[in-house]
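Take 1 as the starting number for the sequence shown in UniProt numbering and just add one per residue.
Idealized CB from N, CA, C, for every residue including glycine.
Given the structure is predicted, the values throughout are model-derived calculations rather than measurements.
Working notes, beginning with the structure itself.
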Amino acid sequence: MKIALIIGVTGQDGAYLTGFLLKKGYFVHGLRRTVSLSNAKRLSQFYTDAHDDHVNFKLHFGDLTDSTNLIRIIKEIQPDEIYNLAGMSHIQVSFEMPEYTANTDGIGTLRLLEAIRILGLTKKTRIYQASTSELYGLVQTVPQNETTPFYPRSPYAVAKIYGYWITINYREAYDIFASNGILFNHESPLRGETFITRKITRATCKIALGLQKCLYLGNLSAQRDWGHSQDYVEAMWLILQQEKAEDFVIATGITATVRDFVKMSFGELGIEVEFSGKGEYEKGVIIDIDYDLAKNLGLNIGELHFGMDVVRVDPKYYRPKEVDLLLGDSKKSKTQLGWNPRYDLQSLVEDMIQSDLLLMKKDEYLQEGNFRTLNYFE
Ligand code: NDP
Ligand code: GDR
Numbered sequence: 001m002k003i004a005l006i007i008g009v010t011g012q013d014g015a016y017l018t019g020f021l022l023k024k025g026y027f028v029h030g031l032r033r034t035v036s037l038s039n040a041k042r043l044s045q046f047y048t049d050a051h052d053d054h055v056n057f058k059l060h061f062g063d064l065t066d067s068t069n070l071i072r073i074i075k076e077i078q079p080d081e082i083y084n085l086a087g088m089s090h091i092q093v094s095f096e097m098p099e100y101t102a103n104t105d106g107i108g109t110l111r112l113l114e115a116i117r118i119l120g121l122t123k124k125t126r127i128y129q130a131s132t133s134e135l136y137g138l139v140q141t142v143p144q145n146e147t148t149p150f151y152p153r154s155p156y157a158v159a160k161i162y163g164y165w166i167t168i169n170y171r172e173a174y175d176i177f178a179s180n181g182i183l184f185n186h187e188s189p190l191r192g193e194t195f196i197t198r199k200i201t202r203a204t205c206k207i208a209l210g211l212q213k214c215l216y217l218g219n220l221s222a223q224r225d226w227g228h229s230q231d232y233v234e235a236m237w238l239i240l241q242q243e244k245a246e247d248f249v250i251a252t253g254i255t256a257t258v259r260d261f262v263k264m265s266f267g268e269l270g271i272e273v274e275f276s277g278k279g280e281y282e283k284g285v286i287i288d289i290d291y292d293l294a295k296n297l298g299l300n301i302g303e304l305h306f307g308m309d310v311v312r313v314d315p316k317y318y319r320p321k322e323v324d325l326l327l328g329d330s331k332k333s334k335t336q337l338g339w340n341p342r343y344d345l346q347s348l349v350e351d352m353i354q355s356d357l358l359l360m361k362k363d364e365y366l367q368e369g370n371f372r373t374l375n376y377f378e
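Below you can see the structure in the form of structure tokens.
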């Protein structure tokens, strides 16, 4: 039985990768941070009672900023594969917490590689490093591939560029099987709620159910190459199954604007939105409603009307520096890894909207007074 350690197991990719590796027959260990309320909600379906006979999933408390903790856990587990998915992953927040971001996303990668070296596991343990299309930053050329020059545009991307190079450096200096996956944006129903896609799908559903009036966004013209996390975790695994450690770009090869994503999300619910105006005065307005579809989906049609502003711009979501255009070329992954994504942008949006609609309907039910929330401070 192969043993994997996922650092960042409680995140979006951590959850999908856990499911993927368990299906492949791995024993999966995960590193979770200590927090005052559980951060392991995405993993609930994988829990088994620790006293059961066939336990194949175990969580350990730890942190990428704590070397002693990493060394102890890795020594105890002796993993065949480590997936370093941990990080402060929000670009906007990295401008507010640059030092913490560098410590976790940059130096954290070094701590992990050093732990492998100190423990003499350089020949045994393979490491996957979660690198990112944010390394490309200021657009040099598109589509971006493994040879495109980097130009990071945020403290997050600068920290990740350290993680990228230190991974290559340890591979070359100590012959560790350490590979970078340069993954473009990937999303899912488990995506964190402050990333753009999930912010949009949640708000779209809330607006359609009459639970929210308007969605406020920043730069609507940013272009991203959006894939599905479920497809991308398979690529991570494939990268570690190669004969030789190398770096790979993982992307769909299609780019779309934030504006497009908004239209597609409302479109899933039979609501057509058109944008007009410029810059901070741009607005997304309802121009058509498919009433039959809306009724079938149980939407609150009474709350929706033509000409209603459902999207507005709030400059507070603008970033100090923006990455304008990401479009990946994953030819190398397709030919060498045999990787092929199953989701396209339309099916990604559909998956996220269907999931959020269910969640929001539950929310609506709770808000209708069918459930009394306890006030702990009465
Ligand atoms: P998430 O933000 O959903 O998950 C990040 C994970 O890292 C969480 O488990 C979080 O724990 C954990 N974490 C944060 N800080 C620390 C720390 N100091 N020590 C240990 N764990 C920590 O990210 P995703 O799952 O979307 O992405 C996974 C990785 O891939 C990240 O490193 C991200 O930067 C990178 N990436 C993501 C892409 C994407 O589009 N999703 C694209 C390219 C790269 P907690 O749950 O407690 O917060
Ligand atoms: P990104 O993802 O910065 O690409 O990083 P995010 O979803 O946060 O932003 C995508 C684009 O949308 C624009 N935008 C907004 N973004 C957010 N979050 N909120 C808004 O209200 C908003 N309005 C417009 C942004 O300016 C940006 O252009 C993600 C993360 O998962 C990283 O960890 C990862 O490395 C990269 O993807 C690849």
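Can you name, in chain order, every residue of its own chain whose Cβ lies under 8 Å from the Cβ of E322, other than the five neighbours on each side? Here residue 322 is taken as the residue at index 322 of the sequence shown, counted from 1. Same-chain partners within the cutoff: R153, N219 and A222.
Can at least three beta-carbon pairs, one atom from the stretch 314 to 328 and one from the stretch 223 to 234, be found at a separation below 8 Å? yes
Leaving aside the five residues before and after Q129 along the sequence, list all residues of the same chain whose C-beta is less than 8 Å from its C-beta, in chain order. Numbered from 1 along the sequence shown, position 129 holds the residue referred to as residue 129. Cβ within range, chain order: N84, T109, G163, Y164, T167, A178, S179, N180 and G181.
Our contact map puts E134 next to Y151 with C-beta atoms below 8 Å; I'd like the distance itself, whole angstroms only. Along the sequence shown, read from residue 1 onward, the residue named residue 134 stands at position 134. Along the sequence shown, read from residue 1 onward, the residue named residue 151 stands at position 151. Wrong, their Cβ atoms sit about 10 Å apart, outside the cutoff.
Measure the beta-carbon distance from S276 to T204 and round it to whole angstroms, keeping in mind my assumption that it falls under 8 Å. The count along the sequence shown starts at 1 and reaches residue 276 at position 276. The count along the sequence shown starts at 1 and reaches residue 204 at position 204. Incorrect: roughly 19 Å between the Cβ atoms, too far for contact.
D288 in three-state terms, based on DSSP: Within the sequence shown, the letter at position 288 stands for residue 288. Note: D288 maps to strand in three-state DSSP.
Anticipated Cβ contact below 8 Å, S347 with P189, distance rounded: The residue labelled residue 347 in the question sits at position 347 within the sequence shown. The residue labelled residue 189 in the question sits at position 189 within the sequence shown. Contact doesn't hold; Cβ gap of about 12 Å is too wide.
Nearest to G210 by CA position, among E303, D247 and G307, is which residue? The sequence position of residue 210 within the sequence shown is 210, counting from 1. It is E303 whose Cα lies nearest to the Cα of G210.
Below 8 Å, can you find three or more Cβ-Cβ pairs linking the stretch 141 to 149 to the stretch 102 to 118? no
Closer than 7 Å: is that where the CB of A222 sits relative to any heavy atom of the ligand GDR? Within the sequence shown, residue 222 is the residue found at index 222, counting from 1. A222: yes, Cβ under 7 Å from the ligand GDR.
What does the alpha-carbon distance come out to for the pair G25 and D63? As a working note, residue 25 is residue 25 in the sequence shown. As a working note, residue 63 is residue 63 in the sequence shown. Taking the straight line joining both Cα atoms gives about 26 Å.
Would you kindly work out how many angstroms separate the C-alpha atoms of E81 and K23, rounded to a whole number? On the sequence shown, position 81 is the one that residue 81 refers to. On the sequence shown, position 23 is the one that residue 23 refers to. E81 and K23: Cα-Cα distance of roughly 16 Å.
According to the neighbour-count rule (16 or more other Cβ atoms, all chains shown, within 10 Å of its Cβ), is D309 buried or exposed? The residue you call residue 309 lines up with position 309 of the sequence shown. Exposed, since its Cβ has fewer than 16 Cβ neighbours within 10 Å.
For S265, does the three-state DSSP call read helix, strand or coil? Here residue 265 corresponds to residue number 265 of the sequence shown, with the count starting at 1. If DSSP states are grouped into helix, strand and coil, S265 belongs with the helices.
Quick check: what's the CA-CA separation for T18 versus Q242? Locating residue 18 in the sequence shown gives position 18, where the first residue counts as 1. Locating residue 242 in the sequence shown gives position 242, where the first residue counts as 1. Answer to the nearest angstrom: the Cα atoms are 20 Å apart.
beta-carbon L31 near the ligand NDP non-hydrogen atom, thresh 7 Å: In the sequence shown, counting from the first residue as 1, residue 31 sits at position 31. Result yes, Cβ under 7 Å from the ligand NDP.
Whose CA, out of D344, R32 and S67, lies closest to the CA of Q230? One-based indexing of the sequence shown puts residue 230 at position 230. It is D344 whose Cα lies nearest to the Cα of Q230.
DSSP three-state label for F61, please. Here residue 61 is taken as the residue at index 61 of the sequence shown, counted from 1. DSSP places F61 in strand when its eight states are reduced to three.
Contact under 8 Å by Cβ, E234 with F377: On the sequence shown, position 234 is the one that residue 234 refers to. On the sequence shown, position 377 is the one that residue 377 refers to. Result no, Cβ atoms of E234 and F377 do not sit closer than 8 Å.
If we call anything under 8 Å between Cβ atoms a contact, is residue 385 one with V262? Nothing in the structure corresponds to residue 385, since the chain is present only between 1 and 378.
Considering only residues of the same chain and omitting the five flanking positions on each side of T101, which have a CB-CB separation below 6 Å? What you label residue 101 is simply residue 101 of the sequence shown in a count that begins at 1. Cβ neighbours of T101 beyond the five flanking positions: M88, S94, P155, Y156 and A159.
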